[in-house]
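Below is one structure, written out as structure tokens, with a few remarks after it.
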Amino acid sequence: MRHICLYFQVHQPFRLRIYRFFDIGESHDYYHELNNRVLMQRIARKCYLPMNALIKKLITKHTPERFSVAFSVSGTALEQMQLYAPEVLESFQDLYKTGGVELIGETYAHSLASLKSEAEFRRQVALHTDTLEKLFSARPKTFRNTELVFFDKLARWVSEMGYTAILAEGTDTLLGWRSPNHLYTARAAPELRVLPRNYQFSDDIAFRFSNQAWSEWPLTAEKFAAWFQALPQHEILVNLFMDYETFGEHQWPETGIFEFFEAWVEKMLQDKDVRYVTPQVAIADHEPVGEVEAPKPLSWADSERDLTAWLGNDMQQDAFESLYALETLIQQLPIQKHPDIHRDWIRLQTSDHFYYMCTKFFADGDVHKYFNPYDNPYEAYVTYMNVLADFRERVEAALPGTD
Amino acid sequence: MLGWEFPPRIAGGLGVACYGLVKGLAHHGVKVTFVMPYRSGQEPPNTYRLLGANEIEIPADTTLTTTFWKQVRFYGVETYLGPYLEQLERPTLTFHAVPEPVSETTSRGGAIRLFFSGKYGADLLDEVYRYAYAVSFLAQKEEFDIIHAHDWLTYLGGIALKQLTGKPLVVHIHATEYDRSGENPNPLIRDIEARGFAEADLIIAVSFYTRALVVEKYGVPPEKVWAIHNAVLPKDRQPIPRPPRRRKIVTFLGRVTYQKGPEYFVEAAARLAPRLPEAHFVVAGTGDKLRGIIQRVAELRLGSRFSFTGFLPPKEVENLFDLSDVYVMPSVSEPFGISALEALRAGVPVIVSKQSGVAEVLRYALKVDFWDVDRLSDLIYGVLKYPAITSFFRRFAQDELSQLQWERSSSRVIEAYKTLYP
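From first to last, the protein sequence lines stand for chains A and B. So the first sequence is residues 3 to 405, counted in the numbering used here. So the second sequence is residues 13 to 434, counted in the numbering used here.
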């Protein structure tokens with residue numbers, strides 16, 4: 003018996019427009035409406051709609067019993083679907099109804115709030131859950147944090163919030179000598195099951211698939227399936243987690259990514275012992291083999307698997323700290339009375355804004371540049387700080403006792 | 013008159029000064045033809061004549077080129093034009109040899125025209141040579157009594173015209189290579205400057221500060237150099253309304269280069285930020301030091317207290333001054349610093365470095381050595397904290413400004429011209 007757990011991340015940020023100094027105090031319109039709309043519609047056309055159709059076809063053909071997948075769709079992505087591509091939301095709703103899909107909980111804004119504020123983190127997770135409830139009538143039981151950021155305290159909070167499973171990066175730091183192809187439990191929260199990502203296999207698809215310089219290129223369905231068969235018999239749960247935009251965007255249709263995916267699934271399912279399962283099915287069917295702990299936050303991005311891609315340089319840290327310095331002020335403003343401030347507070351927390359300021363352009367630059375609206379990290383920082391200056395003025399002006 | 017910038021296409025004080033001077037001279041009845049690299053047609057309406065070097069028709073005869081080039085050609089050097097470049101990045105520029113002057117041309121009968129971008133791009137030197145070549149053909153076509161060339165960019169053209177017509181050459185110094193690059197001048201540019209000073213019949217420096225500098229650094233005889241200060245045009249529009257905000261705006265404006273001392277502004281801000289939560293610092297302009305400055309601000313965790321506007325066109329410069337509470341010009345070396353007058357014109361108190369020409373003409377300005385960050389911080393603090401300073405400046409600076417009119421400066425220029433035709 004071998005279980006493969008596929009989880010896809012669907013996320014889009016509200017990218018900022020070029021917000022200038024002269025806009026501060028004059029315009030509270032921060033977002034690049036055109037850019038956001040065009041990108042969402044393009045990704046819908048190139049990835050979301052065709053890939054959803056393919057997944058649906060596989061679920062229908064093989065039944066959810068044998069082929070299921072999991073999605074985490076961020077709140078900002080859901081908002082953009084509603085605004086710019088309602089057919090995509092319908093397509094996901096339709097897919098969910100097949101019974102072959104598990105929806106996963108995350109922070110609404112795909113934010114790094116867990117690193118800064120437990121209260122804000124919990125608030126955003128609750129907001130995301132409410133949104134899933136409203137749009138899908140789904141209550142998530144599995145959690146994934148932005149970019150798979152995982153640490154002990156987080157495990158505890160998530161467990162307290164009623165989640166039974168969490169996704170994590172299968173780094174050596176987390177697992178040591180142990181294989182990612184098992185189920186674990188969090189030492190900080192023994193009830194919480196941890197599914198570590200097999201980054202080798204995941205990145206073969208997500209990053210290396212079309213890389214002609216890769217020694218394994220071209221990756222065929224047969225070759226990839228053979229690698230699974232070559233795994234030791236006792237490694238029975240393989241977790242493949244990746245951005246959904248891998249299909250059709252990061253890897254263009256011309257690379258054959260769609261055909262590859264379908265052929266690989268078909269090939270794997272020829273073996274009657276193979277099942278594609280969701281995280282909840284995985285934790286029901288498997289026993290944990292050990293405990294993991296992470297005193298310091300770990301993530302899935304870049305070669306270091308840490309947070310330097312978001313908070314590695316001074317610009318990122320300054321922006322991040324300046325943003326969260328507003329938290330206590332914002333909590334004094336009732337959401338009903340100041341919906342716009344709360345909306346922007348959420349959107350400005352999206353981790354992509356900090357990612358755009360990353361200066362590590364050498365090893366991982368290609369991924370960082372993807373969908374990046376800025377020419378360079380300095381521009382990203384300057385624009386963000388201008389927006390934040392205006393936002394702070396609005397927050398201060400709205401506080402009780404000022405007018 | 014030969015110049016590189018004219019509104020609306022300006023990068024800094026040079027274009028503003030040329031505009032003011034040409035207007036002032038026209039006011040006194042001097043007939044001026046201002047030759048710039050490229051005329052966009054969007055220049056302000058005028059009583060003087062504007063001509064683009066791109067409009068000058070040149071015979072399509074290469075022997076002329078060769079002859080001309082023998083006189084002005086310089087051989088290849090690696091050079092760094094950092095302070096001039098418009099990009100944020102610091103590109104590496106290598107000029108292995110001076111390229112042929114006629115690169116892109118448009119044909120009209122037997123004549124050609126040269127291409128000019130009028131920008132400070134990577135091919136600036138090529139364009140400087142092309143400009144000189146084009147301008148030399150004015151010798152046969154135009155009638156004039158005086159050749160007046162602004163900054164090194166046009167000196168070669170001025171020299172060529174002088175050699176061909178025997179008319180007197182006036183070179184006008186708005187900035188020298190030592191102002192731009194400190195003690196390590198670009199040898200090629202310095203050489204062009206020195207040639208211009210040597211060939212000139214008369215030199216005009218925009219301040220005593222600059223006059224002393226050219227005497228010291230280029231060995232120019234002092235009696236050849238007139239110091240004639242820049243001025244400011246009267247304001248021709250209403251200020252934009254200030255939004256009701258509690259923030260106080262402290263402004264730095266200029267190319268973000270060594271010459272302008274942006275680091276001192278940032279270090280002063282670092283001292284002030286904790287004591288003045290209402291202060292917001294604006295860095296307006298671009299240049300080769302911009303990235304370093306942004307990095308430093310981030311390192312100091314002051315990003316939320318800073319705004320970087322990038323390059324601002326003249327209209328937005330005025331808008332920025334209308335919003336500013338104090339203007340800081342911490343230049344390491346500033347021949348004049350016309351932006352200080354523009355700030356005062358908008359009623360903004362100014363703090364200028366003592367290493368600037370404008371400090372000579374302003375009594376009602378706060379002055380500080382550029383390196384004295386503590387003193388600079390004190391002065392900014394004082395201006396923001398004590399409104400009496402601002403109202404005092406508003407009152408007296410306006411009187412002072414009324415003395416600094418281009419009509420007056422251009423009278424002095426005419427006086428200087430007259431010594432060439434005794």
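Backbone N, C-alpha and C fix where the C-beta goes; we use that ideal spot for every residue, glycine too.
Euclidean distance between Cα positions of residue i and residue j
i	j	result
Thr-59/B	Ala-358/B	26 Å
Ile-201/B	Gly-27/A	44 Å
Gly-169/B	Tyr-276/B	37 Å
Gly-24/B	Tyr-221/B	19 Å
Glu-293/A	Arg-189/A	5 Å
Tyr-429/B	Leu-214/B	8 Å
His-252/A	Ala-208/A	8 Å
Ala-296/B	Lys-272/B	12 Å
Gly-208/B	Tyr-167/B	5 Å
Glu-264/A	Phe-127/B	57 Å
Ile-305/B	Arg-349/A	28 Å
Asp-228/A	Leu-271/A	Note that residue 228/A corresponds to Ala in the displayed sequence, not to Asp. So the alpha carbons of these two residues sit roughly 13 Å apart.
Glu-98/B	Ile-159/B	Reliability of the predicted coordinates at Glu-98/B is poor, the pLDDT of 42 falling under 50, and the value obtained from them is presented with this limitation in mind. Looking at the two C-alpha atoms, the distance is approximately 29 Å.
Ala-296/A	Trp-179/A	15 Å
Phe-408/B	Tyr-376/B	7 Å
Ala-400/A	Asp-135/B	52 Å
Lys-155/A	Pro-88/A	37 Å
Gln-417/B	Ser-351/B	14 Å
Arg-308/B	Ser-324/A	16 Å
Leu-312/B	Gln-319/A	11 Å
Ser-193/B	Glu-205/B	14 Å
Leu-91/A	Arg-125/A	24 Å
Gln-214/A	Pro-274/B	46 Å
Phe-211/A	Cys-49/A	16 Å
Ala-391/A	Gln-367/B	33 Å
Contact belief for residue i with residue j at Cβ below 8 Å, rounded distance in angstroms
i	j	result
Phe-226/A	Asp-206/A	7 Å
Leu-313/A	Phe-322/A	6 Å
Arg-4/A	Ile-238/A	6 Å
Proximity below 8 Å, CB of residue i to CB of residue j
i	j	result
His-292/B	Ile-252/B	no
Thr-280/A	Ala-72/A	yes
Thr-148/A	Leu-194/A	no
Val-151/A	Asn-200/A	no
Ala-111/A	Phe-123/A	no
Leu-176/A	Leu-300/A	yes
Val-425/B	Leu-37/B	yes
Gly-172/A	Leu-129/A	no
Pro-342/B	Ser-319/B	no
Phe-315/A	Thr-248/A	Sequence check: residue 315/A is Asn here, not Phe. No.
Pro-246/B	Pro-20/B	no
Gly-102/A	Pro-66/A	yes
Ala-223/A	Phe-262/A	yes
Contact set for residue i: own chain, Cβ-Cβ below 6 Å, skip 5 residues either direction
i	result
His-184/B	His-162, Ile-216
Tyr-339/B	Thr-263, Ala-355, Val-360, Val-362
Ser-161/A	Ala-191, Glu-193, Leu-194
Ile-285/A	Ala-167, Arg-195
Met-317/A	Met-359, Tyr-383
Start and end residues, beta strand (DSSP E) containing residue i
i	result
Val-75/A	71-75
Asn-241/A	239-245
Phe-46/B	45-48
Arg-210/A	Where Arg-210/A is concerned, there is no enclosing beta strand (DSSP E), given that its DSSP letter is neither H nor E.
Leu-332/B	Leu-332/B -> not in any beta strand (DSSP E); alpha helix (DSSP H) instead, spanning 326-335.
Gly-169/B	Careful: Gly-169/B lies outside any beta strand (DSSP E), inside the alpha helix (DSSP H) at 164-177.
Thr-166/A	No beta strand (DSSP E) contains Thr-166/A, which DSSP labels as neither H nor E.
The alpha helix (DSSP H) enclosing residue i, as first and last residue numbers
i	result
Arg-10/B	The first residue shown for chain B is 13 and the last is 434, placing residue 10/B beyond what the model contains.
Ser-113/A	Element bounds for Ser-113/A: n/a, residue is neither H nor E.
Cys-30/B	25-39
Ala-191/A	Counting along the chain, Ala-191/A falls outside any alpha helix (DSSP H), though it belongs to the beta strand (DSSP E) covering 191-199.
Thr-330/A	329-332
Met-387/A	379-400
Contact set for residue i: own chain, Cβ-Cβ below 8 Å, skip 5 residues either direction
i	result
Arg-141/A	Thr-131, Leu-134, Glu-135
Arg-254/B	Asp-334, Leu-335
Ser-389/B	Ala-280, Arg-283, Leu-284
Nonlocal neighbours in the same chain, by C-beta distance under 7 Å from residue i, ignoring five residues either side
i	result
Arg-223/B	Ala-217, Val-237, Ala-239
Val-373/B	His-241, Leu-416
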